[in-house]
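> Encoded as structure tokens, here's the structure I'll be asking about.
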Amino acid sequence: MLKLYMERFKQNRTSAKYVFACAPSRWQPDPIFCDRFHVIDNSCTRLDQLSAKAFGNYCFTGGKDYMNFKHGYSSLVQSLVDDLPSGMLRLNCPVEMVDWQGVSIGDGELKSLSKQMSGADSQLDVHPVSVTCCDGSRFVARHVIVTCSLGYLKENHRTMFRPNLPTTMVRAIEDMGFDTINKIFLVYKDPWWGSDIRGFQLIWSRHSAEHEAWSWVRDLTGFDVSPNHRAVLLGWIGGRGAEVMEDLSEEEVGKHCTQLLKRFTQRSNIPPPSRIIRSRWRSNQFIRGGYSNTSSACDVSTSGPSSLAEPVFCRQIGGQKHPAILLAGEAAHSNHFSTTHGAYESGVSQAQLLLKYMNTAHQVVE
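The opening position of the sequence shown corresponds to residue 1 in the UniProt record's numbering, with each subsequent residue numbered one higher.
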């Protein structure tokens with residue numbers, strides 16, 4: 001793999017598309033260079049955390065490799081919101097507790113009825129799930145589809161659900177990986193690079209910047225010119241460096257990235273960016289990372305995305321199995337995990353399962 005990268009470097013360092021730059025002085029290639037792309041691509045800290053058995057499970061959909069939305073990613077969400085009836089969406093109302101009742105199917109544990117559930121038994125039979133929000137508001141429902149990130153579930157599943165989720169689902173939540181990746185946007189008044197340049201890809205030497213205060217930048221693979229903003233460079237970072245970056249000020253991030261670009265391009269006249277925009281997904285209390293991966297621990301526990309997609313059943317007063325809680329999101333998709341379309345398809349799949357259940361006189365959907 002390293003040999004392949006080096007051949008690519010030799011062939012393309014003067015390419016009109018990308019500048020492949022290496023660290024100067026006594027340069028010796030770093031074998032870890034080859035791994036950085038895969039660390040970011042899999043949202044892990046080290047490649048040995050990943051399941052080799054599940055490594056080929058991801059399926060490509062075909063079509064264009066990159067889709068850039070003219071009005072940003074929020075426009076995709078807005079198009080979905082526009083299809084909802086007025087008043088159906090409630091914002092700024094974090095869920096504190098999902099309370100469900102019945103007997104779980106699979107682990108044999110008795111699930112007691114929450115004392116906070118009010119109303120007659122006949123009402124509980126119809127609405128076996130209660131959702132309580134941080135502002136004190138409460139909703140009852142027949143079914144609940146939970147779409148929070150795997151990172152949030154890892155941190156909160158033991159306090160968010162009462163009773164606890166089934167053992168197989170808990171095992172998947174705890175064993176699957178969910179580490180950090182981030183983006184760094186360097187915004188300039190004008191491009192300081194040529195109009196034919198699409199980006200700068202960095203090839204590190206073995207020990208370059210290893211012990212310096214800004215060594216976190218070693219986890220950057222490079223910078224791409226933003227397709228919609230020619231005066232903006234976009235850098236991807238993963239691993240430990242992505243976590244360290246979140247604790248730095250934007251001024252420090254800009255300073256370190258400028259030092260990095262000066263060193264690799266051997267240009268001392270690179271101006272500081274006029275603005276820094278960076279993500280901090282690990283610091284976000286509702287996300288806590290990038291996206292999921294199937295870890296080697298999943299091989300031992302035989303858990304994974306399919307375990308998260310299994311409905312959590314309770315038993316109504318009439319004695320029927322009832323899908324009370326369903327998880328959806330990229331982590332619950334066996335083939336399109338880590339993607340937006342995977343998250344969307346997962347939600348559609350769970351909604352279709354509920355529709356099928358409702359249309360078959362509440363018979364179990366296997």
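Each residue gets a CB set at the ideal place from its N, CA and C atoms; glycine is no exception.
Quick one: what does DSSP say Met97 is sitting in, helix, strand or coil?
Residue state, collapsed to three classes: strand.
> From which residue to which residue does the beta strand (DSSP E) around His229 run?
Residues 229 to 238.
> Could you name each continuous beta strand (DSSP E) segment of 3 residues or more that falls completely within the region 113 to 201, going from the start of the chain to the end?
You should have 129 to 133, 138 to 141, 144 to 146, 181 to 187.
> Nearest to Ser307 by alpha carbon, out of Ser43, Thr61, Arg171, Asn42?
Considering only alpha carbons, the answer is Arg171.
> Roughly how far, in whole angstroms, is the beta-carbon of Ser349 from the beta-carbon of Tyr291, given that I think they are within contact range, below 8 Å?
Not quite, the Cβ-Cβ distance comes to about 18 Å (not below 8 Å), so this is no contact.
> Compute the minimum distance between the beta carbon of Leu234 and the heavy atoms of the ligand MG, and state whether it is under 8 Å.
Judged by which ligands are present, the structure shown has none, so any question about the ligand MG falls away.
> Sorted by chain position, which residues of the same chain lie with C-beta nearer than 6 Å to Val146's C-beta, five sequence neighbours on each side aside?
So the qualifying residues of the chain are Leu327.
> Among residues of its own chain, excluding the 5 on either side of His341, which ones have a beta-carbon nearer than 8 Å to its beta-carbon?
Cβ neighbours of His341 beyond the five flanking positions: Thr61.
> From Ser268 to Arg90, what distance separates their C-alpha atoms?
In a straight line, the C-alpha of Ser268 is about 51 Å away from that of Arg90.
> Can you find at least 3 beta carbon pairs, one from the region 139 to 153 and one from the region 248 to 267, that sit closer than 8 Å?
Flag = no, the region 139 to 153 and the region 248 to 267 do not touch.
> Tell me the DSSP bridge mates of His322?
Bridge partners of His322: Cys314.
> Taking the alpha carbon of Asp219 as the point to measure from, which residue in Val232, Leu76, Ser205 has its own alpha carbon closest?
It is Ser205.
> Please report the straight-line C-alpha distance between Met167 and Ser303, rounded to a whole angstrom.
Sequence inspection shows Thr at residue 167; the Met mentioned does not correspond to that position. When rounded, the distance between both Cα atoms is 11 Å.
> Counting pairs of beta carbons, one from the region 180 to 193 and one from the region 229 to 245, are three or more of them closer than 8 Å?
Touching, per the Cβ criterion.
> For Gly136, which option in Glu174, Ile173, Met169, Pro94 has the closest C-alpha, if you only look at C-alpha atoms?
Comparing Cα-Cα distances from Gly136 to each of Glu174, Ile173, Met169, Pro94, the minimum goes to Pro94.
> By DSSP, does Asp82 sit in helix, in strand, or in coil?
Coil at Asp82, not helix or strand.
> Taking just the CA atoms, how far does His336 sit from Phe178?
Cα to Cα, the separation comes out at about 15 Å.
> Judging by CA-CA distance, which residue of Val312, Met245, Arg162 is the nearest neighbour of Ser215?
Looking at the Cα atoms, Met245 is the closest of the given residues.
> Please determine, among Asp247, Glu243, Pro273, Gln266, the residue with the shortest C-alpha to C-alpha distance to Cys257.
Residue Pro273 is the option with its Cα nearest to Cys257.
> Assuming Tyr188 and Ala231 are in contact, meaning their beta carbons sit under 8 Å apart, how far apart are those beta carbons, in whole angstroms?
Contact holds; Cβ gap of about 5 Å.
> How many Å lie between Ala54 and Pro191 at the Cα?
Each residue's alpha carbon lies about 42 Å from the other.
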